[in-house]
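Enquirer: Counting in our numbering, the sequence shown runs from 25 upward without gaps.
Note that the Cβ used here is the ideal one computed from N, Cα and C, for glycine as well.
Okay, handing you the structure first.
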Amino acid sequence: MSRALLVIDIQEDYFPGGTLPLWQAEETEAALAGAIGKAREAGDRVILVRHVSAAAQGLFAKDGPGVAIRPAILEAAGPDAPVVTKKVADAFQDTDLPDHLDGIDELLVCGMMTQNCVVFTSMSRMAEQLSVMVVRDLCTAPTEMVHRIALNALGSKLRLVDAADLWP
């Protein structure tokens, strides 16, 4: 079975000093960087996603510093990791993500905004042909409570796993 790790929106705007800092953003980033390395060692494909707004200012402004993917994530993913650019929560909607999933059976979803981008991407109609799992310890949200509520809801629809279960 071929797997891909989809890493959603690890961008500057979600970290201290950004437009919308999230709960435990730096801890999540550190865990993600380590998991990306293990995923690559295991032969899993790594795909990065970034959100870009058409707005001139605010969250993910197209020419603003907050739109950048964090350097530690880019380094961990390596120069060959594709970057999918999205404009809405669902990383499948109006993007080239399906092109990067050729030959993939299992999609591991993680990243920022558990209650939004992770939910909408993992439950996208375009993901229905894949075995989708959310890597719960590699996600975060604006608050711990929002994160936990989103995971609880997702758990009724999809399989939730921890990074240690995937890459011991």
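(1) Is there contact here, the stretch 27 to 35 with the stretch 82 to 99, by at least three beta-carbon pairs under 8 Å?
(2) By a C-beta neighbour count over all protein chains shown, 10 Å radius and 16 as the cutoff for buried, is residue 137 buried or exposed?
(3) Considering residue 136, what are the terminal residues of the beta strand (DSSP E) in which it resides?
(4) Please classify residue 183: does DSSP put it in a helix, a strand, or coil?
(5) Select from 60, 80 and 87 the residue whose C-alpha is nearest the C-alpha of residue 103.
(6) Can you list, in chain order, the residues of its chain with a C-beta nearer than 7 Å to that of residue 68? Leave out the 5 residues immediately preceding and following it.
(7) For residue 187 versus residue 162, is the C-beta spacing smaller than 7 Å?
(8) Return the chain-ordered ranges of every alpha helix (DSSP H) run that is complete within the stretch 78 to 165 and spans a minimum of 4 residues.
(9) So does the stretch 117 to 128 actually touch the stretch 39 to 56, counting three or more Cβ pairs closer than 8 Å?
(10) Give the DSSP-derived three-state secondary structure of residue 177 in the structure shown.
(11) Grouping DSSP H, G and I as helix and E and B as strand, with all else coil, what is residue 30?
Expert: Once the coordinates are examined:
(1) Three or more beta-carbon pairs drawn from the stretch 27 to 35 and the stretch 82 to 99 are found closer than 8 Å, and the two stretches are therefore classed as touching.
(2) buried
(3) 130 to 136
(4) strand
(5) Comparing Cα-Cα distances from residue 103 to each of 60, 80 and 87, the minimum goes to 60.
(6) 27, 28 and 29
(7) yes
(8) Here the runs fully enclosed are 95 to 101, 121 to 124 and 143 to 146.
(9) no
(10) Correct three-state label for residue 177: helix.
(11) Correct three-state label for residue 30: strand.
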